[in-house]
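A.B. asks: Please find one structure pasted underneath; my questions will follow.
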């Protein structure tokens, strides 16, 4: 792995709910190397989006709070940093692309105004220079006739074009880290393929690191170098994308891989993980996956299971890792 | 093939978007001349991207939107223009499950009433008799009697979809229309529901009209597939043939755009990345609706919509590449 540009260590995030302070992200650690794409994978409620928002310190406080841990960008601690300092980093060194480009772009301003605002805030350049930069990045994301599109409002763009414009805005200041939270989930598959290709080619050109949050294992297989799998607020496994798909080490990862409908298996019963993920205010004791795990033993229900390092830069949170042989993707 | 359970011919649905003082009324052809059949107990999947008209097609079959042309026959009866009481009488044969189980269940009703309501409305069962039936229905979808007096908010998304399915099968329908019925669910729960649908089909012989954008799911559940683009069916056929030998360039591109959850396979396959976006259904291009993005476009495609040509292996595709006359003409022209 390349030198880490983003390091998250023992991150805890809590929200105040009817059930009191509830920890939705618990002891999450991972790092993203320069130019690397890390996939953060999990089902709804696993804490993957809260984790990605925490990196940018975008958790709404209250009701949320970062209860512990450290987030370092290029060695600088982000947790506890003052708001003006954070604003210097957001959109400049670290940029973000969200799932819903309709809500992440301001409907009252033109695409050009929104991109220029970012450039002028961080570069302090003239309007003309900012406009030139906006045209440049819109061209990068293959918006046809970019100069004339600067005056368009978000609603005048199609879904795919809006997401490309949002990516252009994120790229405007050459970020070192791009955080992309389900950026293709709301798009049609043919448009998703375009956006994935675009992200790949932009990364090759500019070498930014990408933290890619998704529930879609197909997209992970397409784009990511390494993967961290989250379940019930914790990371249960990290590995390179090839290792993870070929030889998963955590039963939950195996369950996810087996649950993907496989090509050419019509009529065969689909593997399903029984039950549902736990609510964050009633986390099971011991391993949080044990109520749904086909390999669980009594000991799995008793003590907390640590994330253990294995050979080959892998980490797994399972006490039976040595005895189990799990099945990978077909 | 036995007589079809559902037979749709040249169906069109046009929405009229009211204009303003200086803006004329615009007409959106959401569904434009669509024909298909579903045999008893068969699953037909309709796939397509947003704006392809697949949901409108489902709603037209359900008679929730008015068709502007064409006909819909269910079980031999013409239901295209039925209204009021006659329409109500065929409703038990034809039921629907929606995408979002959070908005399709009345939050103020307990589950016994949610599932039992169709039985009451159609005078099938009341009182204790109804409760016995509801209990059996809940068991059929993997829920228990103890769920009967609870409210929808007490259930997870997957459980709610089970409840919606229990309600839909309460009247023993012959056709169940499922509009993105598993799209809102996580993979682990999604498969539980797909397995349930398979079980119900085997036990009850229900036919499914399965609307979906997820080709992985479709390949698993469907007997036949219809691929839609801008309000038209561009290709249809047996699932095996569609996935193994797609005939229409759009089907081919659609299949190749779905990322396969295996990095070695995914990174070594040839992919077709289509340029641009789906054109607006308010201003569909003339000729073949796909010609603006098609890698094989010919002159003839830009003027006249191709007819469906039968394909080896079953089904048909509406593309000049498979029309010997058109390819011959274009070769002469170039």
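Protein chains in written order, with the working numbering: chain A, 4 to 333; chain B, 13 to 346.
The beta-carbon is built from N, C-alpha and C at its ideal position, and this holds for glycine as well.
Predicted model only: the values in this text are computed from it and were never measured.
1) On the DSSP bridge list, what partners appear for residue 7 (chain A)?
2) Let me know the secondary structure DSSP gives residue 218 (chain B) once reduced to three states.
3) Using a beta-carbon distance cut-off of less than 8 Å, what residues from the segment 44 to 73 of chain A approach chain B?
4) Excluding the 5 residues flanking residue 155 (chain A) on each side, which residues of the same chain have their C-beta closer than 7 Å to its C-beta?
5) What are the residues in the segment 75 to 98 of chain B lying within 7 Å of chain A by C-beta distance?
6) What's the call for residue 28 (chain B), buried or exposed, on a 16-neighbour Cβ count within 10 Å?
7) Within its chain, find whatever has a CB closer than 7 Å to the CB of residue 335 (chain B); leave out the 5 residues flanking it on each side and keep chain order.
8) What residue range is occupied by the uninterrupted alpha helix (DSSP H) comprising residue 184 (chain A)?
9) Compare the C-beta of residue 250 (chain B) with all C-beta atoms of chain A and state if any pair is closer than 7 Å.
10) Using the Cα positions of residue 170 (chain B) and residue 67 (chain A), report the straight-line distance between them to the nearest angstrom.
11) Quick one: what's got a C-beta closer than 7 Å to residue 315 (chain B)'s C-beta in the same chain, skipping five residues either side?
12) Any idea what DSSP makes of residue 154 (chain A), helix, strand or coil?
13) Report the partner residues of residue 298 (chain A) according to the DSSP bridge assignment.
14) Where are the beta strand (DSSP E) runs, 3 residues long or more, that stay fully inside the segment 95 to 149 of chain A, in chain order?
15) Run through the DSSP bridge pairs and tell me what residue 241 (chain B) is partnered with.
16) On the three-state DSSP scale, how would you describe residue 192 (chain B)?
17) Alpha carbon to alpha carbon, what distance is there between residue 23 (chain B) and residue 194 (chain B)?
18) Write down the C-beta distance between residue 55 (chain B) and residue 235 (chain B) rounded to the nearest angstrom, noting that I regard them as a contact closer than 8 Å.
19) Taking just the CA atoms, how far does residue 87 (chain B) sit from residue 19 (chain B)?
20) What's the gap between the Cα of residue 209 (chain B) and the Cα of residue 186 (chain B)?
21) Please return the same chain residues whose Cβ sits closer than 6 Å to the Cβ of residue 272 (chain B), not counting the five positions on each side in sequence.
22) Taking the alpha carbon of residue 236 (chain A) as the reference point, which residue from A:10, A:8, A:14 has its own alpha carbon closest?
23) List the residues of chain A whose Cβ lies closer than 7 Å to the Cβ of residue 161 (chain B), in chain order.
24) I'd like the span of the beta strand (DSSP E) that includes residue 187 (chain A), first residue to last.
25) Taking the Cβ atom as the reference point for each residue, do residue 189 (chain B) and residue 59 (chain B) lie within a distance shorter than 7 Å?
26) Is the Cβ of residue 118 (chain A) closer than 7 Å to any Cβ of chain B?
27) With DSSP run on the structure shown, which of helix, strand or coil describes residue 31 (chain B)?
28) Beta-carbon within less than 7 Å of residue 201 (chain B)'s beta-carbon, same chain only, minus the 5 sequence neighbours each way: which residues are those?
29) Taking the alpha helix (DSSP H) that residue 255 (chain B) belongs to, which residues open and close that run?
30) Per DSSP, which one or two residues make a beta bridge with residue 12 (chain A)?
31) Is the CB of residue 21 (chain A) under 7 Å away from at least one CB in chain B?
32) Quick check on the DSSP output: the beta strand (DSSP E) that includes residue 107 (chain B) runs from which residue to which?
33) Pull out every residue of the segment 270 to 301 of chain A whose Cβ sits closer than 9 Å to any Cβ of chain B, in chain order.
34) Just to confirm before moving on: does the CB-CB distance between residue 184 (chain A) and residue 102 (chain A) stay below 7 Å?
C.D. replies: Considering the structure as presented:
1) On the first chain, residue 7 (chain A) is found 4 positions in, with the first residue counted as 1. DSSP output for residue 7 (chain A) lists A:36 as bridge partner(s).
2) Locating residue 218 (chain B) in the second chain gives position 206, where the first residue counts as 1. Three-state DSSP puts residue 218 (chain B) in coil, outside helix and strand.
3) 46, 47
4) The sequence position of residue 155 (chain A) within the first chain is 152, counting from 1. 113, 114, listed in sequence order.
5) Within the segment 75 to 98 of chain B, no residue qualifies.
6) Translated into positions along the second chain, residue 28 (chain B) becomes position 16. Exposed, since its Cβ has fewer than 16 Cβ neighbours within 10 Å.
7) Here the question's residue 335 (chain B) lines up with position 323 in the second chain. Hits under 7 Å: 318, 321.
8) As a first step, residue 184 (chain A) must be located in the first chain, where it is residue number 181. It is not in any alpha helix (DSSP H) - residue 184 (chain A) instead sits in the beta strand (DSSP E) that spans 180 to 184.
9) Position 238 of the second chain, counting from 1, holds the residue named residue 250 (chain B). Closer than 7 Å: no.
10) Residue 170 (chain B) sits at position 158 when you count from the first residue of the second chain. Residue 67 (chain A) sits at position 64 when you count from the first residue of the first chain. Roughly 28 Å separates the two Cα atoms.
11) On the second chain, position 303 is the one that residue 315 (chain B) refers to. Result list for residue 315 (chain B): 298, 299, in chain order.
12) Position 151 of the first chain, counted from the start, is the residue given in the question as residue 154 (chain A). Residue state, collapsed to three classes: coil.
13) Indexing the first chain from 1 puts residue 298 (chain A) at position 295. In DSSP, residue 298 (chain A) forms no bridge with anything.
14) Here the runs fully enclosed are 97 to 100.
15) On the second chain, position 229 is the one that residue 241 (chain B) refers to. Residue 241 (chain B) is bridged to B:244.
16) Residue numbering aside, residue 192 (chain B) sits at position 180 when the second chain is read from its first letter. Note: residue 192 (chain B) maps to coil in three-state DSSP.
17) Translated into positions along the second chain, residue 194 (chain B) becomes position 182. Translated into positions along the second chain, residue 23 (chain B) becomes position 11. Spanning the two alpha carbons is a distance of roughly 26 Å.
18) Translated into positions along the second chain, residue 55 (chain B) becomes position 43. Translated into positions along the second chain, residue 235 (chain B) becomes position 223. Indeed they touch by this definition, with Cβ atoms about 5 Å apart.
19) The residue you call residue 19 (chain B) lines up with position 7 of the second chain. The residue you call residue 87 (chain B) lines up with position 75 of the second chain. C-alpha separation (whole angstroms): 8 Å.
20) As a first step, residue 209 (chain B) must be located in the second chain, where it is residue number 197. As a first step, residue 186 (chain B) must be located in the second chain, where it is residue number 174. Going from the Cα of residue 209 (chain B) to the Cα of residue 186 (chain B) covers about 14 Å.
21) Position 260 of the second chain, counted from the first residue, corresponds to residue 272 (chain B). The residues are 278.
22) Translated into positions along the first chain, residue 236 (chain A) becomes position 233. The candidate whose alpha carbon is nearest that of residue 236 (chain A) is A:14.
23) For this step, residue 161 (chain B) is matched to residue 149 along the second chain. Simply none; closest approach about 21 Å.
24) Looking up residue 187 (chain A) in the first chain gives position 184. Unbroken run through residue 187 (chain A): none, as it is neither H nor E.
25) Within the second chain, residue 189 (chain B) is the residue found at index 177, counting from 1. Within the second chain, residue 59 (chain B) is the residue found at index 47, counting from 1. No, Cβ-Cβ distance for residue 189 (chain B) and residue 59 (chain B) is not below 7 Å.
26) Translated into the one-based positions of the first chain, residue 118 (chain A) becomes position 115. Taking Cβ atoms only, chain B never reaches closer than 7 Å to residue 118 (chain A), which makes this a no.
27) Residue mapping note: residue 31 (chain B) aligns to position 19 of the second chain, counting from 1. For residue 31 (chain B), the secondary structure class from DSSP, reduced to helix, strand or coil, is coil.
28) In the second chain, the residue the question calls residue 201 (chain B) occupies position 189. Counting only residues of its own chain and dropping the five nearest sequence neighbours on each side, residue 201 (chain B) has a CB closer than 7 Å to the CB of 169, 170.
29) Position 243 of the second chain, counted from the first residue, corresponds to residue 255 (chain B). First-last of the alpha helix (DSSP H) with residue 255 (chain B): 251 to 256.
30) To locate residue 12 (chain A), count along the first chain from 1; it is residue 9. According to DSSP, residue 12 (chain A) bridges with A:73.
31) For the purposes of this step, residue 21 (chain A) is taken as the residue at position 18 of the first chain. It does not; no Cβ of chain B falls within 7 Å.
32) One-based indexing of the second chain puts residue 107 (chain B) at position 95. Looking at the DSSP string, the run of the beta strand (DSSP E) that includes residue 107 (chain B) is 106 to 109.
33) 270, 271, 272, 273, 274, 275, 276, 277, 278, 279, 280, 295
34) Numbered from its first residue, the first chain carries residue 184 (chain A) at position 181. Numbered from its first residue, the first chain carries residue 102 (chain A) at position 99. The answer is yes: Cβ separation under 7 Å.
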